[in-house]
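Quick notes on the structure that follows.
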Amino acid sequence: MRNAPDHISIHGARLSRRGFLGTGGALVVALGITPELARATGSASLNAAQPASWIEIHADNTFHLRTGKGDFGQSSIYTAYRQIVAEELSVPVAAITTVISGDTDRTPDGGGTFGLLRNASGNVRKVAAYTREAVLELAAQRFGVPRSAVSVADGVISGGGQQARYGDIVAGQDLRLAIPVSGTLTSFFGLVVTGEPPLKKVADYTIIGQPVMNPIIRPKVSGETVWVGDVKLPGMLHARVIHPATLGSRLIAPGKLDAAQFPSARLVRVGNLLAVVAADEWQAVQAAMAVAADTKWSEWKGLPGSDKLAEHLRGKVDWSVVPATRSAASKGDVATVKAAKSHNASYFVPYFKHAPIGPTVSLADVKADGTVTVHTHTQNAQYLRMAIAKMLGKGEEAVVIRTYPGPGHFGRSNGGNAGSEDEAVLLSRALGVPVRVQWMRADDMQWSTQSSPMVSDIRIGLDEAGVIHSYEATHSGPPMQDDRPIGALLAGLPTIDPPGPGNPSPIHTAKISIADLWVYGAVAHVSETGRGTDQIGMRESPIGVGLRDHSMRTPIQFQQNFPREMAISEAAALAGKDALRFRIEHTDDPRVRAVLERLAVEADWDARPSPSPKARASGEAVVRGRGVSLMLRDSGYWACAAHIAVVPATGEVKVERMTLVVDPGLVVNPLQLRRQAQAGLLMGVSEALHEEVSFDEGAITSSDWYTYPILTMAEAPEVKVVLAPLAGAQGYGQGSESANALAAPAIAGAFLDATGKPARRLPLRPDYVKAMLAS
Amino acid sequence: MTTITINGEKREVQASSDTPLLYVLRGELQVMTPKFGCGLAQCGACSVLLDGEEIRACITPISALEGKEVTTVDGLPARWARQKGLPANPARLHPVQQAWVDEQVPQCGICQFGMMIKVTELLEHNAKPSDDDINAALTTSGPSPHLCRCASYAAIREGVHRAAKLIAGGAA
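Chains as they are written, first to last, in this note's numbering: chain A, 116 to 890; chain B, 70 to 241.
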């Protein structure tokens with residue numbers, strides 16, 4: 116090999132040789148030193164001895180991929196990300212043997228686990244492209260040919276009649292490729308890879324589009340995987356937190372801990388944070404129950420109660436405090452339109468719970484030297500690191516977050532905190548030993564964040580031909596971005612500020628944007644307004660808590676799409692037109708039209724106006740109906756049909772079959788996308804039929820699976836998922852996030868078809884259904 | 070001191086006899102596949118087989134286990150090998166586990182330990198269950214439905230049918 120210069124520029128990345136090694140050898144893709152990063156190095160616990168590289172190439176032709184994102188059941192970081200990287204490198208997927216994710220001291224980029232294909236995949240794709248270019252440059256040097264004469268296919272690099280593999284190029288060397296990045300590691304969005312390395316042409320793809328199996332499933336089903344709740348440390352104590360009686364209560368007097376009955380248990384108090392710890396977990400559980408029964412909290416009433424929530428949002432909130440927003444699709448002048456017929460209605464989506472099957476659990480180890488390690492299951496480990504450091508008044512370099520598989524919670528910890536991490540840290544600091552905090556089922560239902568509610572007022576004007584002339588919607592509700600950890604609030608320690616108009620953070624302004632992208636481009640006059648407010652009860656709560664909200668699958672768009680799509684179905688009925696054809700009539704986007712036309716075929720849709728000729732709102736006999744819904748999210752086009760049966764006398768709604776058609780753009784992995792979309796759709800059926808957080812004037816009263824029921828196997832309808840990507844799509848489009856949002860408006864439309872009565876609120880549980888039918 | 074049989078092995082347990090099995094498995098015996106979900110027998114994440122019948126470990130005191138055998142997901146491969154008279158081979162999964170891999174059933178996977186236990190019980194009694202049989206097994210047959218928040222129910226249904234085929238085909 117001829118001598119190469121010490122540094123080579125690779126499309127703006129910097130390739131350097133740090134030395135030659137006798138054996139082994141690697142190329143490590145590390146952070147580039149940018150001005151932003153130079154400032155951030157104080158908080159970027161990147162140990163030079165163990166670089167948090169994106170991609171490592173080893174001499175044995177294996178690759179490691181590291182990402183700050185996590186896995187919550189989507190599989191993307193183990194399937195799609197490996198495919199994206201393998202594609203850019205032109206190596207087999209199996210060569211990427213290891214994916215290291217989440218851990219703040221072992222991954223490079225940070226940022227939340229959301230939009231994994233929409234935007235976060237851009238980092239790994241660009242990193243892979245830089246890496247390929249660097250290795251091909253080195254290969255050109257080795258082969259003694261110009262770079263333009265070198266190419267790679269199926270892991271074999273060729274040029275000038277010579278061949279080598281990636282591992283051959285890095286063997287015996289210690290190579291480092293520093294790539295340019297922007298952003299702040301511990302910010303909500305993390306680091307973003309910059310520059311424009313040449314990307315492989317979509318037409319040349321051989322790996323993207325393949326049904327790659329998820330490699331973490333086998334160790335999960337065999338029992339080898341270490342889950343977050345399985346982590347143990349020597350000397351660890353088990354804690355159960357005794358949370359306050361209400362969302363605004365202060366601790367007056369802790370209950371007595373009976374030392375004779377619970378000899379190993381101790382009571383710990385930090386402000387209003389009260390916990391029992393014990394070496395034996397069952398003893399901690401029992402002791403905490405005994406102490407809780409005897410603990411005195413101040414009384415507080417500052418919530419409207421879930422039965423009056425819609426009324427509260429409609430009449431008792433000052434919506435002028437937070438600046439209103441307007442959608443980009445707004446056009447024309449809805450005020451001047453004279454309609455032949457008009458539809459005017461108000462809709463309501465309640466609070467939902469993320470409701471992971473396993474309540475949140477984490478383990479913290481605060482050492483005497485002040486360093487903190489938290490073992491947890493978070494979607495945004497670097498942001499959690501920031502929050503823990505802020506709570507403790509420490510530099511971020513003192514905090515390490517390690518992540519593990521855990522129960523899916525669908526967005527709850529995108530703000531870092533799933534609940535319990537901060538409590539574990541405070542208890543470990545107080546006791547000087549590692550502390551594991553396992554929330555019980557009720558803690559998780561009552562003290563985690565939730566998906567925020569929304570009321571939507573919609574007015575649709577039709578002309579004489581039954582065509583929508585004007586559409587006007589106002590969506591009002593609290594935002595889903597309360598990133599304040601509950602333990603820190605109870606302990607009275609620093610957090611970032613709650614969402615509010617004075618919060619300088621762009622994602623914490625409490626504004627409600629219009630997240631539901633407009634798809635009815637043929638409508639002449641459109642006005643969409645979003646109105647935000649404080650977290651409900653937060654200002655009234657003496658401890659500043661109230662009902663804290665955090666993003667849940669299809670955040671805010673779910674809340675806006677349900678009313679829009681139901682209103683469109685009602686407008687179609689008013690026009691005497693078929694709900695699916697009516698949607699096609701009002702779109703000017705061929706991709707919208709294509710998914711709807713395909714849906715009509717796949718769902719065996721019988722085109723006719725709603726209600727059904729057999730519709731009835733009373734009686735013991737079953738009535739049936741079908742409804743349709745539509746959503747555009749992240750360049751993914753979704754259309755759904757629901758077929759349902761209703762027993763008017765009992766208010767029972769049974770969903771019989773669901774059909775979903777999606778054009779997500781380029782499909783990275785059809786096997787995983789289909790599974791994710793199936794399940795997401797069924798989660799949406801769960802939300803539509805069952806889910807609503809109940810609360811009284813002080814506390815959340817949903818506490819278990821009886822008071823917050825979710826879908827069961829026997830209720831799961833037949834599901835058909837059709838992947839219908841646009842031919843020639845260039846973008847990866849979208850994962851499956853939207854699937855859950857399609858169910859509720861399709862089911863509500865089917866309910867209108869079956870009964871002749873509109874369903875303008877969720878869930879469609881018997882007591883609400885009977886009220887709807889009686890109206 | 071209580072002696073209980075877990076996955077074919079007699080284990081001595083220090084915990085008091087009123088301690089729920091789940092805490093003994095996870096805390097004392099390092100058998101980690103049964104998961105804590107609710108502590109109320111409402112979700113099925115902690116399910117184990119007790120002499121072949123599914124029970125909820127979170128509410129079952131170890132005093133109820135005298136002379137009986139507990140099987141967890143860790144013990145399914147050995148249970149299958151014993152039933153089929155096959156040599157022990159830790160790399161060979163139980164057909165239900167194998168079907169869960171083949172059909173890519175789990176998403177987050179936390180509920181699937183209980184699901185696989187319940188489905189093993191079902192298939193040991195009913196070699197070719199219908200969808201209605203599957204619905205009944207996972208919804209109404211026990212103290213509560215087996216819940217999946219990811220709502221992987223369609224995949225589970227396909228997984229059960231695949232497992233039944235593997236068993237009928239003499240999966241080895």
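Where is the CB? At the ideal position from N, CA and C, for every residue including glycine.
Alpha carbon to alpha carbon, how far is A/LYS456 from A/VAL449? Give it in angstroms, no decimals. Here residue 449 of chain A refers to the residue found at position 334 when the first sequence is read from its first residue. Here residue 456 of chain A refers to the residue found at position 341 when the first sequence is read from its first residue. In this structure, the CA atom of A/VAL449 is about 14 Å from the CA atom of A/LYS456.
Nearest to B/ALA147 by CA position, among B/LEU134, B/LYS137 and B/PRO164, is which residue? The residue you call residue 147 of chain B lines up with position 78 of the second sequence. The shortest C-alpha separation from B/ALA147 is found at B/PRO164.
Can you name the residues of chain A whose CB is closer than 7 Å to the CB of B/GLY106? In the second sequence, counting from the first residue as 1, residue 106 of chain B sits at position 37. Ordered by position in chain A, the residues that pass the 7 Å Cβ test against B/GLY106 are ILE472 and GLY473.
Report the partner residues of A/TYR586 according to the DSSP bridge assignment. The sequence position of residue 586 of chain A within the first sequence is 471, counting from 1. According to DSSP, A/TYR586 bridges with A/ILE575 and A/VAL641.
Minimum Cβ-Cβ distance from A/ARG790 to chain B less than 8 Å: Sequence index remark: in the first sequence, residue 790 of chain A carries index 675 (1-based). Judged by the 8 Å Cβ criterion, A/ARG790 is in contact with chain B.
Closest by CA to A/GLY386, which one among A/ILE503, A/VAL206, A/LEU608 and A/THR488? For the purposes of this step, residue 386 of chain A is taken as the residue at position 271 of the first sequence. Taking only the C-alpha atoms, the option nearest A/GLY386 is A/LEU608.
Residues of chain D with CB closer than 9 Å to the CB of B/GLY178, please, in chain order. Any reference to chain D falls outside this structure, whose protein chains are A and B.
Step through the CB atoms of chain B and report whether any lies within less than 8 Å of the CB of A/VAL834. Looking up residue 834 of chain A in the first sequence gives position 719. Yes, A/VAL834 counts as interfacial toward chain B.
Within the 8 Å Cβ cut-off, does A/TYR82 reach chain B? Outside the shown range of chain A, which is 116 to 890, sits residue 82 of chain A, and nothing can be said about it.
Minimum C-alpha distance to A/ARG333 - residue among B/VAL142, B/VAL82, B/THR71 and B/LYS79: Translated into the one-based positions of the first sequence, residue 333 of chain A becomes position 218. Ranking B/VAL142, B/VAL82, B/THR71 and B/LYS79 by Cα distance to A/ARG333 puts B/VAL142 first.
Cβ shell of A/ALA483 (< 6 Å), same chain only, five flanking positions each side left out: If you number the first sequence from 1, residue 483 of chain A lands on position 368. Here the set comprises nothing.
Would A/LEU366 and A/LEU382 be called neighbours here (beta carbons separated by less than 8 Å)? If you number the first sequence from 1, residue 366 of chain A lands on position 251. If you number the first sequence from 1, residue 382 of chain A lands on position 267. No.
Ends of the beta strand (DSSP E) at A/THR213? Taking the first residue of the first sequence as 1, we reach residue 213 of chain A at position 98. Under the DSSP assignment, A/THR213 falls in the beta strand (DSSP E) whose first and last residues are 211-216.
In angstroms, rounded to a whole number, what distance separates the CA positions of A/LEU152 and A/GLN198? Taking the first residue of the first sequence as 1, we reach residue 152 of chain A at position 37. Taking the first residue of the first sequence as 1, we reach residue 198 of chain A at position 83. Any reading at A/LEU152 must be qualified, since the residue scores a pLDDT of 44, below 50, and its modelled position is unreliable; the value itself is stated next. Each residue's alpha carbon lies about 29 Å from the other.
Is DSSP giving A/ASP778 helix, strand or coil here? Position 663 of the first sequence holds residue 778 of chain A. When DSSP states are grouped into helix, strand and coil, A/ASP778 belongs to the strand group.
Kindly list the residues whose CB is nearer than 7 Å to the CB of A/THR149, restricted to its own chain and excluding five residues on each side of it in sequence; keep chain order. Translated into positions along the first sequence, residue 149 of chain A becomes position 34. Residue placement at A/THR149 is flagged as unreliable, the pLDDT there being 47, under the threshold of 50; the coordinate-derived value follows with that caveat. Cβ within range, chain order: PRO295, VAL296 and SER297.
Who are the Cβ neighbours of A/ALA730 in its own chain at under 8 Å, not counting the five residues just before and after it? For the purposes of this step, residue 730 of chain A is identified with residue 615 of the first sequence, where counting begins at 1. Correct list, in chain order: VAL738, GLY740, ASP868, ALA869, THR870 and GLY871.
With a Cβ-Cβ cutoff of 8 Å, do A/LEU231 and A/VAL392 count as a contact? Along the first sequence, one-based indexing puts residue 231 of chain A at 116. Along the first sequence, one-based indexing puts residue 392 of chain A at 277. No; because the gap between Cβ atoms is not below 8 Å, this pair is not in contact.
Do we get a CB-CB distance below 8 Å when we pair A/ILE825 with the residues of chain B? Taking the first sequence and counting its residues from 1, the one referred to as residue 825 of chain A is at position 710. Closer than 8 Å: yes.
At a Cβ threshold of 8 Å, is B/ARG148 touching chain A? Start at 1 with the first residue of the second sequence, and residue 148 of chain B comes out as number 79. Judged by the 8 Å Cβ criterion, B/ARG148 is not in contact with chain A.
Alpha carbon of A/SER733 to alpha carbon of A/GLN401, nearest angstrom: As a position in the first sequence, residue 733 of chain A is number 618, starting the count at 1. As a position in the first sequence, residue 401 of chain A is number 286, starting the count at 1. Taking the straight line joining both Cα atoms gives about 50 Å.
Mapping the DSSP letters down to three states, classify B/PRO89 as helix, strand or coil. Position 20 of the second sequence holds residue 89 of chain B. Residue state, collapsed to three classes: strand.
Where A/HIS122 falls: helix, strand or coil (DSSP): Along the first sequence, one-based indexing puts residue 122 of chain A at 7. Note: A/HIS122 maps to strand in three-state DSSP.
Distance cutoff 8 Å, beta carbons only. Does B/ILE186 sit that close to anything in chain A? Position 117 of the second sequence, counted from the first residue, corresponds to residue 186 of chain B. Cβ-Cβ to chain A under 8 Å: no for B/ILE186.
Any beta carbon of chain B sitting closer than 8 Å to that of A/GLU396? The residue labelled residue 396 of chain A in the question sits at position 281 within the first sequence. Interface residue, yes.
Kindly list, in the order they appear in chain B, the residues whose Cβ is closer than 7 Å to that of A/GLN553. As a position in the first sequence, residue 553 of chain A is number 438, starting the count at 1. Within chain B, the residues near A/GLN553 are PHE105.
Determine the burial state of A/LYS692: buried for a count of at least 16 other Cβ atoms within 10 Å of its Cβ, exposed for fewer. Translated into the one-based positions of the first sequence, residue 692 of chain A becomes position 577. Residue environment: A/LYS692 is assigned as buried (16 or more neighbouring CB atoms within 10 Å of its CB, all protein chains considered).
Roughly how many angstroms separate the alpha carbons of A/ARG291 and A/SER337, rounded to a whole number? The sequence position of residue 291 of chain A within the first sequence is 176, counting from 1. The sequence position of residue 337 of chain A within the first sequence is 222, counting from 1. Roughly 38 Å separates the two Cα atoms.
I want to see whether chain A comes within less than 8 Å of B/HIS215, judged by CB atoms only; does it? Taking the first residue of the second sequence as 1, we reach residue 215 of chain B at position 146. Interface residue, yes.
Simplified DSSP state of A/THR491, which is helix, strand or coil: The count along the first sequence starts at 1 and reaches residue 491 of chain A at position 376. It is a strand residue.
Exposed or buried, A/ILE331, counting other C-beta atoms within 10 Å across all chains shown (16 or more means buried)? For the purposes of this step, residue 331 of chain A is taken as the residue at position 216 of the first sequence. Classification of A/ILE331: buried, given that the 10 Å Cβ count is 16 or more.
Using the rule of at least 16 other Cβ atoms within 10 Å of the residue's Cβ for burial, across every protein chain shown, is A/PRO359 buried or exposed? In the first sequence, the residue the question calls residue 359 of chain A occupies position 244. By the 10 Å Cβ count, A/PRO359 comes out buried.
For the beta strand (DSSP E) holding A/VAL179, just list the boundary residues, first then last. Your numbering for residue 179 of chain A matches position 64 in the first sequence. First, the residue type needs correcting, since residue 179 of chain A is His and not Val in the sequence shown. Its beta strand (DSSP E) spans residues 178-182.
Kindly indicate if chain B contains any beta-carbon less than 8 Å away from that of A/SER809. To locate residue 809 of chain A, count along the first sequence from 1; it is residue 694. Chain B contact via Cβ: absent.
Between the alpha carbons of B/VAL139 and B/ALA133, how many angstroms are there, rounded? The count along the second sequence starts at 1 and reaches residue 139 of chain B at position 70. The count along the second sequence starts at 1 and reaches residue 133 of chain B at position 64. Between B/VAL139 and B/ALA133, the C-alpha separation is close to 11 Å.
How many Å lie between B/ILE179 and B/GLU227 at the Cα? For the purposes of this step, residue 179 of chain B is taken as residue 110 along the second sequence, with counting starting at 1. For the purposes of this step, residue 227 of chain B is taken as residue 158 along the second sequence, with counting starting at 1. One C-alpha to the other measures close to 18 Å.
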